[in-house]
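Okay, structure first, notes after.
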Amino acid sequence: MEEYISDNSVYARAKSNSMINPKMIGRVLGTLLFIELGMFLLCAGISLGYGEDDYKYFLYTCVINAVAGGLLLLYGRGAENKMSRRDGYCVVTLSWIFFTVFGMLPFYFSGSIDT
Numbered sequence: 008m009e010e011y012i013s014d015n016s017v018y019a020r021a022k023s024n025s026m027i028n029p030k031m032i033g034r035v036l037g038t039l040l041f042i043e044l045g046m047f048l049l050c051a052g053i054s055l056g057y058g059e060d061d062y063k064y065f066l067y068t069c070v071i072n073a074v075a076g077g078l079l080l081l082y083g084r085g086a087e088n089k090m091s092r093r094d095g096y097c098v099v100t101l102s103w104i105f106f107t108v109f110g111m112l113p114f115y116f117s118g119s120i121d122t
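With our numbering applied, the sequence shown covers 8 to 122.
Structure (structure tokens):
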């Protein structure tokens, strides 16, 4: 605990590391994108099994997921294997954003969403 005096009052606060670990966040997000890539491959396989042409849109998305996930994993190489609560909040927030953006891509490529 660290103490400091201000206006005749004594305040105590815990010394905390306010920095986030971006390499660890990148490594976790890259891993999650590769898990999502596996789910897209499953969707592509099912689409191909039913004889539909939509499998190619899932494969395009897989390539983009692989590139983004690979770049994040490369960035996260050598990350300290510790994760703070703040890092966890960042991972959860960014994973929701990434899953939304990458999950939208097959619909975008297939023309299901008019832009």
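Glycine included, each C-beta is placed from N, C-alpha and C at the ideal position.
Reduced DSSP secondary structure (H/G/I, E/B, other) of residue i
{"i": "G77", "result": "helix"}
{"i": "F114", "result": "helix"}
{"i": "G95", "result": "helix"}
{"i": "S119", "result": "coil"}
{"i": "V108", "result": "helix"}
{"i": "N72", "result": "helix"}
Any non-hydrogen atom of the ligand SAH within 7 angstroms of residue i CB
{"i": "F109", "result": "As far as ligands go, the structure on display features none, and thus does not contain the ligand SAH."}
C-alpha distance - residue i paired with residue j, whole-angstrom precision
{"i": "F3", "j": "I53", "result": "Summary: the structure shown does not reach residue 3, with the chain confined to residues 8 through 122, and so no result is reported for it."}
{"i": "V99", "j": "R34", "result": "13 angstroms"}
{"i": "G37", "j": "Y67", "result": "18 angstroms"}
{"i": "G83", "j": "A51", "result": "29 angstroms"}
Endpoints, the alpha helix (DSSP H) within which residue i is located
{"i": "S54", "result": "29-56"}
Contact belief for residue i with residue j at Cβ below 8 angstroms, rounded distance in angstroms
{"i": "I27", "j": "C97", "result": "6 angstroms"}
- the segment 82-93 / the segment 39-55 touching (three or more Cβ pairs under 8 angstroms): no
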